[in-house]
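Please read the structure below before turning to the comments.
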Amino acid sequence: MALRMTDHDVNGITVLEIDGRIVLGEESNGFRERVKELLAAGKRKIVLNLANVTYIDSAGLGTLVATFHSARSQGATLKLANLGSKFKEVLQVTKLMTVFDVYDSDSAAVASFAK
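With the numbering used here as the guide, the letters of the sequence shown map in order to residues 22 to 136.
In structure tokens form, the structure reads like this:
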């Protein structure tokens with residue numbers, strides 16, 4: 022199943038809805054390219070809504086980390102929202118929960134930019 026991504030703007034913050042699997046190959050490359058496009062377009066506040074991500078493998082995690090660092094190096098902030106229990110578990114086991122800003126909903130992530 023191909024990874025589907027749609028984005029919309031909420032008060033100047035880009036919310037990228039991700040649907041599918043973030044795995045080695047086309048999916049993780051597509052994800053990386055999409056975030057690169059957003060950064061190139063001058064988007065500096067990005068929320069990744071991961072509610073519909075059904076699976077992420079180690080390559081997908083690597084892409085997520087690389088994207089996070091790439092955004093940060095360009096002065097942008099990337100926040101994660103709506104992680105499923107399995108996804109949350111993977112981030113806890115890999116100690117990546119401490120790297121990312123994680124929120125229970127995209128509205129909470131969007132609101133966090135105002136603080």
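Glycine included, every Cβ here is placed at the ideal spot set by N, Cα and C.
Closest Cα partner of residue i within the set the options
i	options	result
residue 54	123, 121 and 89	89
Cβ shell of residue i (< 6 Å), same chain only, five flanking positions each side left out
i	result
residue 40	25 and 73
residue 99	67, 89 and 92
residue 28	35 and 37
Integer Cβ distance of residue i from residue j, believed to fall under 8 Å
i	j	result
residue 112	residue 71	Contact flag wrong, Cβ pair sits at about 10 Å.
residue 80	residue 49	5 Å
Same chain, Cβ closer than 7 Å to residue i, five either side skipped, listed in chain order
i	result
residue 75	41 and 42
Residue i - containing beta strand (DSSP E), residue span
i	result
residue 131	No beta strand (DSSP E) contains residue 131, which is instead part of the alpha helix (DSSP H) from 127-133.
Same chain, Cβ closer than 8 Å to residue i, five either side skipped, listed in chain order
i	result
residue 131	31, 32, 34, 36 and 68
residue 118	109 and 112
Residue range of the alpha helix (DSSP H) that includes residue i
i	result
residue 136	Element bounds for residue 136: n/a, residue is neither H nor E.
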